[in-house]
Structures are given as C-alpha cells and as structure tokens.
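The structure appears below as structure tokens.
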Amino acid sequence: MVWDAAYHATDSTTITIIGPTRYPFNSRARERTLRRLCLGSNGHGPREAQCVHRSMSTTPKRGGDMRSWKSLFLVTVMLLLVPAAAFANANGWMIDARGGLGIPMGNYKDDFKSGLLIGIEASKMMSPQLAIGVDGNYIKNNVTDANKAALEAAFGPGTDANTKFTHYGAHAKYMLSTKDDAKMMPYLVGGGGLYHIKGTITNAGASFDTSENKFGLRGGAGLNIMMSPRMGLGFQADFNDIFTSGNSTQFVGISGGLHWNIMPASSK
Numbered sequence: 061m062v063w064d065a066a067y068h069a070t071d072s073t074t075i076t077i078i079g080p081t082r083y084p085f086n087s088r089a090r091e092r093t094l095r096r097l098c099l100g101s102n103g104h105g106p107r108e109a110q111c112v113h114r115s116m117s118t119t120p121k122r123g124g125d126m127r128s129w130k131s132l133f134l135v136t137v138m139l140l141l142v143p144a145a146a147f148a149n150a151n152g153w154m155i156d157a158r159g160g161l162g163i164p165m166g167n168y169k170d171d172f173k174s175g176l177l178i179g180i181e182a183s184k185m186m187s188p189q190l191a192i193g194v195d196g197n198y199i200k201n202n203v204t205d206a207n208k209a210a211l212e213a214a215f216g217p218g219t220d221a222n223t224k225f226t227h228y229g230a231h232a233k234y235m236l237s238t239k240d241d242a243k244m245m246p247y248l249v250g251g252g253g254l255y256h257i258k259g260t261i262t263n264a265g266a267s268f269d270t271s272e273n274k275f276g277l278r279g280g281a282g283l284n285i286m287m288s289p290r291m292g293l294g295f296q297a298d299f300n301d302i303f304t305s306g307n308s309t310q311f312v313g314i315s316g317g318l319h320w321n322i323m324p325a326s327s328k
C-alpha cells in the first residue's frame with residue numbers, strides 16, 4: 061500500500077493507515093515520501109507519531125520499462141511507414157486548445173478522482189487525410205474521499221494528496237472526411253510520449269513531493285465542428301496508458317475547445 065504504515069501515537073496506541081494499494085511511483089520514492097510525512101523534519105510527525113513499520117518491497121520491476129521500449133519502437137516504425145508521397149502534399153496546420161476531464165481508469169481509479177485536464181495540439185497536414193503533430197497536456201487528480209479520510213485520520217485534519225501529469229508527445233491523426241466544405245470533421249488519433257508524474261502529500265502547511273518520468277501511449281477519436289473555413293469547435297476523447305512499474309496507470313481524457321485551420325496563402 062502507498063500510505064500504509066504502523067506508528068505509535070503519544071498514547072502508545074499502534075495505528076495502521078489503510079490507503080491506496082497502487083500509486084504511479086516506484087517503491088523507494090513512495091518510501092521516502094511516507095517517511096518524511098510520518099517523521100517530519102524533527103523526527104516527529106503529526107500527533108508526535110513515530111513510524112515503526114512499513115511493509116513494501118523495494119525491488120524494482122522491469123516490466124514497465126520493457127513495455128516502454130517496445131512501444132517506443134512500435135511508434136517509430138509506424139511513423140517510418142508513412143508513405144513518402146504523403147509529405148509532398150503538405151497543406152497547412154491545425155491548432156487545438158482544449159479543456160476537460162482526466163478520468164482515472166483501471167487500478168488508478170481506485171485511488172484517485174477525475175480532475176482537470178488542459179491540452180494544446182499542433183498538427184501539420186501531410187495529405188488530405190493524414191496529419192502529424194505534437195501535443196502537451198496537464199492533468200491533476202485528487203485522492204478519493206475514502207483515501208483522504210484515511211490520511212486525515214492518521215495524520216490530522218487537512219492532510220491531502222494529489223497526482224499531476226504533464227505530458228509531452230507526438231501524434232498522428234487520420235481524417236475520416238476530406239471534403240473541403242465539410243462542417244463535421246471526425247478523425248482518429250494515436251500517439252505516444254513522455255509523462256512527468258508528480259505526487260504531492262500536504263500536511264499542516266508542509267508539502268512532500270515525489271516524481272518520475274514514464275513513457276506512455278494514447279489513442280482515441282475526435283470531432284471538429286467548423287463554424288467557418290478557418291475556425292471551429294474541437295472535441296476529443298482518448299485513452300492513455302502510462303507504463304509505470306508494477307502497477308497500472310491509465311486514464312481517459314475527454315476535452316473540448318477551439319480548433320483553428322491555418323492554411324498557406326495560396327490556399328486561401
């Protein structure tokens with residue numbers, strides 16, 4: 061468990077914290093964060109608590125790393141297979157700025173709630189159907205009410221925790237409609253990139269952080285509703301799978317916002 065620990069309070073009563081069973085960080089990082097929260101800078105935590113036991117293996121697991129390298133290789137091969145002729149038909153850019161929800165899935169949803177998602181994308185049209193681009197996203201998920209209650213019961217009122225993801229990646233979009241005057245433009249999207257994962261636990265004004273970088277993949281679908289030839293509304297839903305060691309960190313991003321088509325002067 062992440063926040064599972066046994067400690068002695070001032071009344072010599074042993075208390076066990078029952079917290080989440082999974083967390084997107086390695087064992088050593090979790091151990092350091094918990095120890096700092098329990099002991100504090102003076103060797104005493106809230107309620108003069110002293111950690112006396114923690115059961116967790118610190119042996120690193122290689123499964124997530126192997127998946128990361130295999131997936132990176134797969135994405136590279138897919139991009140290399142794009143026909144060279146497609147790049148000869150470059151015709152403008154698509155820019156998207158969206159906001160929405162990052163919804164935890166799999167094991168991750170047992171520990172964290174849905175939270176804010178902010179994203180931006182820039183995609184270069186390689187052909188009427190194919191676009192390749194870069195993207196960035198920010199997602200913040202707070203712990204579930206049950207886990208927050210467990211933290212407060214153990215460490216005092218006001219104790220809280222959250223996870224933040226900052227994602228930098230590349231993607232390919234396949235447009236399902238190529239009509240120049242189409243008002244509805246559905247598409248498929250797939251890509252991968254780096255996820256910077258930062259976990260924060262706060263208590264009595266103090267903040268304890270741990271972070272790491274992991275590779276992940278995403279795939280989904282979207283719809284652009286054009287209000288003019290150059291501007292419209294964009295909506296997208298994608299599934300994200302981050303390759304954290306020894307556990308599953310997955311979420312669905314659902315977002316909407318503004319979409320722009322930036323065309324060359326000769327196309328206007």
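Numbering (our numbering), first residue to last: 61 to 328.
Think of the CB as a built atom: it goes at the ideal place given N, C-alpha and C, for glycine as much as any other residue.
**Study point:** Supposed contact pair asparagine 222 and valine 249 - C-beta distance, whole angstroms, cut 8 Å
**Key:** At roughly 27 Å, the Cβ-Cβ gap does not stay under 8 Å, so valine 249 and asparagine 222 are not in contact.
**Study point:** Between the CA atoms of glycine 282 and glycine 229 - distance to the nearest angstrom
**Key:** 17 Å
**Study point:** Residue(s) in a DSSP beta bridge with arginine 278
**Key:** Gly251 and Asn300
Review point. Can you list, in chain order, the residues of its chain whose CB lies under 8 Å from that of methionine 287, leaving out five sequence neighbours each side?
Key: Leu293
**Study point:** Nonlocal neighbours in the same chain, by C-beta distance under 6 Å from isoleucine 199, ignoring five residues either side
**Key:** Gly162, Leu177 and Phe225
Review point. Taking the runs of the alpha helix (DSSP H) that are 4 residues or longer, which of them lie wholly in the stretch 143 to 216?
Key: 205 to 215
Check your understanding: Taking the alpha-carbon positions, what's the serine 183 to glycine 259 distance?
Key -> 31 Å
Check your understanding: Is methionine 323 near isoleucine 285, with beta carbons less than 8 Å apart?
Key -> no
**Study point:** Length of the line joining the Cα atoms of valine 16 and tyrosine 255
**Key:** Because the chain in this structure spans residues 61 to 328, residue 16 falls outside the shown range and cannot be described.
Review point. On the three-state DSSP scale, how would you describe alanine 55?
Key: Nothing can be reported for residue 55, as the shown portion of the chain is limited to 61 through 328.
Review point. Hey, how far is the Cα of cysteine 111 from the Cα of serine 271?
Key: Any reading at cysteine 111 must be qualified, since the residue scores a pLDDT of 38, below 50, and its modelled position is unreliable; the value itself is stated next. So the alpha carbons of these two residues sit roughly 23 Å apart.
Check your understanding: What first and last residue would you give for the beta strand (DSSP E) that runs through alanine 232?
Key -> 220 to 235
Check your understanding: Looking at the structure shown, is asparagine 307 part of a helix, part of a strand, or coil, going by DSSP?
Key -> coil
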